[in-house]
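Visitor: Handing you this structure, nothing more for now.
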Amino acid sequence: MTDQTDQEAGAGKEEIASAQNVMLALVKTAKGLRMYLPNNPVLISFVEELNAKMAAHLSNFGTLQIDVEPFSLRYKGAEIYENRDPKESLACRLHADGIRMLLFEDGVDARELMALLGIVGFERPTNDDDVVTQLWERSLAHISYLLEEDFMEGEAADEGEGGVVSQQEALSRIHAAVAEHPPVSPKMVPKHLLMLTGEEEKWLRTIRQAEARRNGLDDVVSILIAILAGTREPELFKEFVAIMTNLTNNMFLGGEVGHALRQVRFLDTLQRLESTPPERRELLARALTDILNDSTVQVLQEVLDSGDTISHDELKEILHMFGLPSLKAICELLGRVEKLKVRKSIIEVLVELGRANPSVFTPFLSDPRWYLVRNMVLVLSLLGTQVALEMIVQLISHREPRIRREVLGFLERSNDPKAKSYLVKYLRDDSSALRIKALQIMGREKVAIALKPILALTATEEFRHRDPTEKKAVYEALGELGGLEVVPVFRDMLLKKYWFQKTSEKDGVSLAVAGLLKMPKDRALNLLEEARSVKRTAEVKAVLDQAFASLTSKGKTA
Numbered sequence: 001m002t003d004q005t006d007q008e009a010g011a012g013k014e015e016i017a018s019a020q021n022v023m024l025a026l027v028k029t030a031k032g033l034r035m036y037l038p039n040n041p042v043l044i045s046f047v048e049e050l051n052a053k054m055a056a057h058l059s060n061f062g063t064l065q066i067d068v069e070p071f072s073l074r075y076k077g078a079e080i081y082e083n084r085d086p087k088e089s090l091a092c093r094l095h096a097d098g099i100r101m102l103l104f105e106d107g108v109d110a111r112e113l114m115a116l117l118g119i120v121g122f123e124r125p126t127n128d129d130d131v132v133t134q135l136w137e138r139s140l141a142h143i144s145y146l147l148e149e150d151f152m153e154g155e156a157a158d159e160g161e162g163g164v165v166s167q168q169e170a171l172s173r174i175h176a177a178v179a180e181h182p183p184v185s186p187k188m189v190p191k192h193l194l195m196l197t198g199e200e201e202k203w204l205r206t207i208r209q210a211e212a213r214r215n216g217l218d219d220v221v222s223i224l225i226a227i228l229a230g231t232r233e234p235e236l237f238k239e240f241v242a243i244m245t246n247l248t249n250n251m252f253l254g255g256e257v258g259h260a261l262r263q264v265r266f267l268d269t270l271q272r273l274e275s276t277p278p279e280r281r282e283l284l285a286r287a288l289t290d291i292l293n294d295s296t297v298q299v300l301q302e303v304l305d306s307g308d309t310i311s312h313d314e315l316k317e318i319l320h321m322f323g324l325p326s327l328k329a330i331c332e333l334l335g336r337v338e339k340l341k342v343r344k345s346i347i348e349v350l351v352e353l354g355r356a357n358p359s360v361f362t363p364f365l366s367d368p369r370w371y372l373v374r375n376m377v378l379v380l381s382l383l384g385t386q387v388a389l390e391m392i393v394q395l396i397s398h399r400e401p402r403i404r405r406e407v408l409g410f411l412e413r414s415n416d417p418k419a420k421s422y423l424v425k426y427l428r429d430d431s432s433a434l435r436i437k438a439l440q441i442m443g444r445e446k447v448a449i450a451l452k453p454i455l456a457l458t459a460t461e462e463f464r465h466r467d468p469t470e471k472k473a474v475y476e477a478l479g480e481l482g483g484l485e486v487v488p489v490f491r492d493m494l495l496k497k498y499w500f501q502k503t504s505e506k507d508g509v510s511l512a513v514a515g516l517l518k519m520p521k522d523r524a525l526n527l528l529e530e531a532r533s534v535k536r537t538a539e540v541k542a543v544l545d546q547a548f549a550s551l552t553s554k555g556k557t558a
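If you're matching positions, the sequence shown starts at 1 in our numbering and goes up one per residue.
Here's what the structure looks like:
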């Protein structure tokens, strides 16, 4: 106690206060290290304050020598720090590892102070080494320490000389010895020992480039695939299938289509393996169905229409993997995509999926989107089966003209004789253009079954009000279809007397001539000769003469 009093008397109040300020700055900075990142402005200001106070003390009073006790720190006998909480006390951490004195020499900088606080300022070191070992490894040039054994050696030496000295005297002697023999500065490693060879540099650059190209998603997918491939427990397998399904959906929505398709391929491959039990195949099939939902269809549509990220072959491969269970989603995709080539690829897949059972497309024929129904007609027409034909002809009366036109095109292309018979239904179509097109097809294809319905049509009141172009198409079809049966009809039209109705007479003769020009030449010429000998009206005779000349010239050309 007397020694401490003497020391305090030797150290002025200003010196003690300076040491206390340094200690407060040390504690505050140690706490800041726990709370803030190294680049935080608050922590930077703490470090600058500590460095300034330490430099001022060392400049004014020389070496800062701090004695370490179990829960307190002293400077020249005066207590400048105390904390009895073992978890928070700096003194406790230093004392527990055998440190009994800390010495700060002039020239200490912020880097060394931060290194010290990084070691002693936390509850536990970040590795297995104690505080002393870490301080020794850092080799701080202006911060030194004395251990308990240093004092014991000093005391033993003093006792051997026959004298008993105080602890402070022992400390002073040790400090003087350290000052006489300062630690050797660390030797610099020769620069040539740190240089890489050409091969080492090339190898390191290759590794860095490979690491830079590495995608974390690849690792995640690979891990999931490995787990699913090796899992034997049913419940665990089910959980990881759900995880992969969810991840695949999220990858689609996140734009990682390539990674998503990789997982789809794996699920399909695992499903098709003979070694996969039936219950797992069913689980995997449901997972694939869940993946191709409305959200992922929208993403696929945007990807397919925006570029060539997915080739047509890849698209067909993926859609085959989803298969019939995802037929609705595939048809939905067909209804959304705009690129013609993409639609063609999807249609090819649908044809293959529905070849065994075309009726799977029945629900989509009533879809409100006409373009989707039209595409379904194209799919069914490519199937070409009797079932497909029966499904298509149900759309002859569809409210959308573009669908009816697609059906008419199918009936025209079909080689099935039964398909041609459905052309007659177009005689009552709401669209004049479709009626004319159907008449032309029936005449060209010689659909004999259409003759009587067409003849019956000409006798209706409705027919009288139809467009002249359509009327002409009707009589041209009669000329191509009819034989002896239509000759009397054309003869009556040519020889009929129209009292004071020159316009009606010309129209009737023109329609009859249109039909005659489609008939065998001999029959047509005979009727024209007879009409020319009867008709006197100049306009009518001109029509007959022109038709006669046309047939005659055809014969000469032939």
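Don't be surprised by glycine CBs; every beta carbon is placed ideally from N, CA and C. This structure is a prediction, so every number in the text was calculated from the model and none was measured.
Taking only three categories from DSSP, how would you classify residue 560?
Guide: Residue 560 cannot be examined here, being either before or after the span of the chain that is shown, 1 to 558.
Visitor: Would you tell me roughly how many angstroms separate the C-alpha atoms of residue 234 and residue 290, rounded to the nearest one?
Guide: Using only the alpha carbons, I get a separation of about 20 Å.
Visitor: Since residue 18 contacts residue 51 with CB under 8 Å, what's their CB separation in whole angstroms?
Guide: Actually they do not touch by this definition, with Cβ atoms about 14 Å apart.
Visitor: Does DSSP put residue 144 in a helix, in a strand, or in coil?
Guide: Strand, per DSSP.
Visitor: Please work out which residues of its chain come closer than 7 Å, Cβ to Cβ, to residue 416, disregarding the five sequence neighbours upstream and downstream, and give them in chain order.
Guide: Excluding positions up to five away in sequence, the list reads 389.
Visitor: Mind listing, in chain order, the continuous alpha helix (DSSP H) runs of no fewer than 4 residues lying wholly within the stretch 224 to 289?
Guide: Runs of the alpha helix (DSSP H) inside the stretch 224 to 289: 234 to 253, 257 to 272.
Visitor: Closest to residue 357 by CA distance: which of 438, 345, 342, 384 is it?
Guide: Nearest C-alpha to residue 357: 384.
Visitor: Under 8 Å by Cβ, that's how I've got residue 522 and residue 532 pegged, so tell me the actual separation to the nearest angstrom.
Guide: Not a contact, Cβ separation roughly 16 Å.
Visitor: Quick check: what's the CA-CA separation for residue 406 versus residue 301?
Guide: Whole-angstrom Cα-Cα distance: 24 Å.
Visitor: For residue 68, which beta-bridge partners are listed by DSSP?
Guide: In DSSP, residue 68 forms a bridge with 73.
Visitor: Quick one: what's got a C-beta closer than 7 Å to residue 251's C-beta in the same chain, skipping five residues either side?
Guide: 259, 260, listed in sequence order.
Visitor: Distance, Cα to Cα, residue 484 vs residue 410?
Guide: Computed Cα separation, rounded: 31 Å.
Visitor: Using 10 angstroms around the beta-carbon of residue 42, count the other beta-carbons present and answer buried if the total reaches 16, otherwise exposed.
Guide: Exposed, by the Cβ-count rule.
Visitor: Just to confirm, is the Cβ distance from residue 455 to residue 427 under 7 Å?
Guide: Contact: no.
Visitor: By alpha-carbon positions, which one of 45, 314, 97, 103 ends up nearest to residue 149?
Guide: If we check each option's Cα against that of residue 149, 97 comes out closest.
Visitor: Find the nearest neighbour of residue 20 within the set 36, 57, 143, judged by alpha-carbon distance.
Guide: Nearest option by C-alpha distance: 57.
Visitor: Which residue from 108, 542, 299 puts its Cα closest to that of residue 506?
Guide: Of 108, 542, 299, the residue nearest in Cα terms is 542.
Visitor: Assuming residue 478 and residue 447 make a contact with CB atoms under 8 Å, what is their CB distance in whole Å?
Guide: Contact flag wrong, Cβ pair sits at about 12 Å.
Visitor: So what's residue 466 in DSSP terms, helix, strand or just coil?
Guide: Coil.
Visitor: What do you get for residue 476, buried or exposed, if any count of 16 or more other CB atoms within 10 angstroms of its CB means buried?
Guide: Residue 476 is buried by the Cβ-count criterion.
Visitor: So what's residue 81 in DSSP terms, helix, strand or just coil?
Guide: Strand, per DSSP.
Visitor: Cutting at 7 Å between CB atoms, please list the residues of its own chain near residue 567, excluding the five before and the five after it.
Guide: Any answer about residue 567 is impossible in this case: the structure gives the chain only from 1 up to 558.
Visitor: Whole angstroms is fine: what's the gap from residue 502's alpha carbon to residue 340's?
Guide: In a straight line, the C-alpha of residue 502 is about 53 Å away from that of residue 340.
Visitor: Using the rule of at least 16 other Cβ atoms within 10 Å of the residue's Cβ for burial, across every protein chain shown, is residue 223 buried or exposed?
Guide: Exposed, because fewer than 16 other Cβ atoms sit within 10 Å of the Cβ of residue 223.
Visitor: What does the alpha-carbon distance come out to for the pair residue 539 and residue 473?
Guide: So the two alpha carbons sit approximately 22 Å from each other.
Visitor: Under 8 Å Cβ to Cβ from residue 263, same chain only, skipping five residues before and after it: list those, please.
Guide: These residues qualify, in order along the chain: 221, 224, 225, 244, 247, 248, 251.
Visitor: May I ask which residues mark the beginning and end of the alpha helix (DSSP H) holding residue 103?
Guide: Premise fails: residue 103 lies in the beta strand (DSSP E), 99 to 104, not in any alpha helix (DSSP H).
Visitor: Counting C-beta neighbours from all protein chains within 10 Å, is the total for residue 207 16 or more, i.e. buried, or is it exposed?
Guide: With fewer than 16 other Cβ atoms within 10 Å, it is exposed.
Visitor: Jot down the residue ranges of each uninterrupted alpha helix (DSSP H) in the stretch 366 to 409, minimum 4 residues, whole runs only, in chain order.
Guide: Here the runs fully enclosed are 370 to 383, 386 to 393.
Visitor: How many Å lie between residue 553 and residue 413 at the Cα?
Guide: Each residue's alpha carbon lies about 33 Å from the other.
Visitor: Does the stretch 104 to 121 touch the stretch 72 to 82, meaning 3 or more C-beta pairs lie closer than 8 Å?
Guide: No, the stretch 72 to 82 does not touch the stretch 104 to 121.
Visitor: Spatial neighbours of residue 164 within its chain, please: CB distance less than 6 Å, with the 5 preceding and 5 following residues excluded, ordered by chain position.
Guide: Because the pLDDT of residue 164 is 47, which lies under 50, any placement of that residue in the model is unreliable, and the question is left without a value.
Visitor: Within 10 Å of its beta-carbon, does residue 105 have 16 or more other beta-carbons around it, so buried, or fewer, so exposed?
Guide: Under this definition residue 105 is a buried residue.
Visitor: Out of curiosity, what's the CA-to-CA distance linking residue 135 and residue 99?
Guide: Going by the C-alpha atoms only, they are around 11 Å apart.
Visitor: Does DSSP put residue 164 in a helix, a strand or coil?
Guide: Summary for residue 164: the model assigns pLDDT 47, below 50, so the residue's position carries little reliability, and this model does not support an answer.
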